[in-house]
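Chains as they are written, first to last, in our numbering: chain A, 1 to 240; chain B, 241 to 478.
Read the structure below first, then the notes.
In structure tokens, the structure reads:
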């Protein structure tokens, strides 16, 4: 009863309430209030997530599993970031501020941890930012190698995909512009940059719209399945 | 000291960048080290951001601090805080209460209670998204797809130039045929199958264009990293 029916009731009640609230003017802000609740719940959910990270890496350390040394690095990095972020550690002009420990300027306690000069923001700028962009940049190599192997004009569909990608790639580079500069202005639509623009604004837009409408209808049907209690996988049940 | 930190930061970012790039050779300890740093630092970053923005900025300032002060004042007999103004919203305690229920997952015997806040999240997401997605993804997109080609303001003629009219027709045809392709409740045969096939062509162009854009964005990031290494770090590019 408590384990299955109450969650189903909460879900159906809250879901229906939010749908109905859209049509009742005094309740129209209910969605914003509930979004605020989400934000607060997310912090507690992150306690679980962060706790799980610590538990897993401590477990690897305790059992001396393969690559346990890197678990130490992960844990040190995690606690370092927590410490400098939660204590709002900063050093501006050689002056240290740790307002929560009473060191330095006490007014710094009101500053956001992402203020320029804070260690937290510096770590973001010089550690997270380069790591993140390099991770994504690394994908350029893998995408290039995968497309070399996978892109074969085997049939009409594959040829269309290949051509569209090729034109978009060329159309966004100076090389693409140079390649078709000789095409007279009266046929400017055949210049690669213009072809790229046309592809983006016409057939691509049509495909995007079909996908967006499909996603919209999919979300509506999934929401209905959840609210009506047909979809119960969030409770850890496989059967609908 | 400042100069030392300036150099340290430049070298640190370069060390981490090269560590990630070292994966192009093969999986190696340098890459694993940077990966471990990335995981730890990112998790810590998001925890801190959520704590200060959501917990402190929304709950603590909005209700938590006042409530705790009031309870402490009542318990200790100290002077109670002044009556709450409009910035205090006690409803925020609902979010905090549900959040606390979520932590019960850590207590095996009553861990099932953590399904309640989960049901709240799923239910409100479903309720909000049902309306929002239907309005923005279905109605707005359908409306933008079915634009009028004729207008009384233009007599019996088209209301736009030939390019725009052909473009509008292509968009309608592509969207409609794409949707037909996504309709799996009917066998894709005959006219229906032919329309679905046209839809596949449009979808392929879309995927090709998205692929081209993704490659371009990754390339631009790669150029940015190389620019950092050769410019900011080594000073070879002025």
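We treat Cβ as the ideally placed atom computed from N, Cα and C, and that holds for glycine.
Bear in mind the structure is a predicted one, so any value in this text is a computation, not a measurement.
Under the three-state DSSP convention, the category residue i falls into
i, result
"residue 70(A)", "helix"
"residue 477(B)", "coil"
"residue 327(B)", "coil"
"residue 23(A)", "coil"
"residue 390(B)", "strand"
"residue 178(A)", "helix"
"residue 228(A)", "coil"
"residue 272(B)", "helix"
"residue 383(B)", "helix"
"residue 536(B)", "The structure shown does not extend to residue 536(B), since chain B is modelled only from 241 to 478, so the question has no answer here."
"residue 427(B)", "coil"
"residue 218(A)", "helix"
"residue 32(A)", "helix"
"residue 202(A)", "coil"
"residue 267(B)", "coil"
"residue 3(A)", "coil"
"residue 357(B)", "helix"
"residue 319(B)", "coil"
"residue 401(B)", "coil"
"residue 279(B)", "helix"
"residue 288(B)", "helix"
"residue 462(B)", "helix"
"residue 456(B)", "helix"
"residue 241(B)", "coil"
Cα-Cα separation between residue i and residue j, rounded to whole angstroms
i, j, result
"residue 28(A)", "residue 22(A)", "5 angstroms"
"residue 465(B)", "residue 190(A)", "34 angstroms"
"residue 121(A)", "residue 113(A)", "7 angstroms"
"residue 471(B)", "residue 80(A)", "29 angstroms"
"residue 240(A)", "residue 232(A)", "Interpretation of residue 240(A) is limited by its pLDDT of 42, a score under 50 that renders its predicted location unreliable; the figure taken from the coordinates is listed afterwards. So the two alpha carbons sit approximately 6 angstroms from each other."
"residue 18(A)", "residue 24(A)", "10 angstroms"
"residue 330(B)", "residue 364(B)", "20 angstroms"
"residue 153(A)", "residue 47(A)", "50 angstroms"
"residue 115(A)", "residue 270(B)", "31 angstroms"
"residue 305(B)", "residue 108(A)", "19 angstroms"
"residue 87(A)", "residue 288(B)", "10 angstroms"
"residue 285(A)", "residue 259(B)", "Residue 285(A) lies beyond the stretch modelled for chain A, which goes from 1 to 240, so this question has no answer here."
"residue 248(B)", "residue 123(A)", "12 angstroms"
"residue 366(B)", "residue 63(A)", "42 angstroms"
"residue 447(B)", "residue 161(A)", "6 angstroms"
"residue 143(A)", "residue 460(B)", "14 angstroms"
"residue 424(B)", "residue 362(B)", "27 angstroms"
"residue 204(A)", "residue 195(A)", "12 angstroms"
"residue 151(A)", "residue 8(A)", "47 angstroms"
"residue 42(A)", "residue 101(A)", "27 angstroms"
"residue 256(B)", "residue 290(B)", "25 angstroms"
"residue 220(A)", "residue 375(B)", "10 angstroms"
"residue 388(B)", "residue 165(A)", "31 angstroms"
"residue 200(A)", "residue 457(B)", "16 angstroms"
"residue 452(B)", "residue 273(B)", "32 angstroms"
Own chain residues within Cβ distance below 6 angstroms of residue i, not counting five before or after
i, result
"residue 436(B)", "420, 421, 428"
"residue 71(A)", "57, 60, 61"
Buried or exposed (CB count within 10 angstroms, at least 16 for buried), residue i
i, result
"residue 345(B)", "buried"
"residue 206(A)", "buried"
"residue 74(A)", "buried"
"residue 134(A)", "buried"
"residue 156(A)", "exposed"
"residue 294(B)", "buried"
"residue 298(B)", "buried"
"residue 339(B)", "buried"
"residue 89(A)", "buried"
"residue 11(A)", "buried"
"residue 279(B)", "buried"
"residue 147(A)", "exposed"
"residue 455(B)", "buried"
"residue 38(A)", "buried"
"residue 193(A)", "buried"
Partner residues on chain D for residue i, Cβ-Cβ distance less than 9 angstroms
i, result
"residue 478(B)", "The structure shown contains no chain D; its protein chains are A and B."
8 angstroms Cβ shell around residue i - same chain, five flanking residues per side excluded
i, result
"residue 353(B)", "341, 344"
"residue 85(A)", "113, 120"
"residue 386(B)", "412"
"residue 16(A)", "227"
Nonlocal neighbours in the same chain, by C-beta distance under 7 angstroms from residue i, ignoring five residues either side
i, result
"residue 251(B)", "none"
"residue 321(B)", "306, 309, 310, 313"
"residue 68(A)", "60, 61"
**Request:** Would you mind listing the beta strand (DSSP E) stretches within the stretch 38-121 of chain A that are 3+ residues and don't spill past its ends, in chain order?
**Result:** 90-92, 95-97
**Message:** Just to confirm the assignment: which complete beta strand (DSSP E) runs, minimum length 3, are found wholly within the stretch 121-184 of chain A?
**Reply:** none
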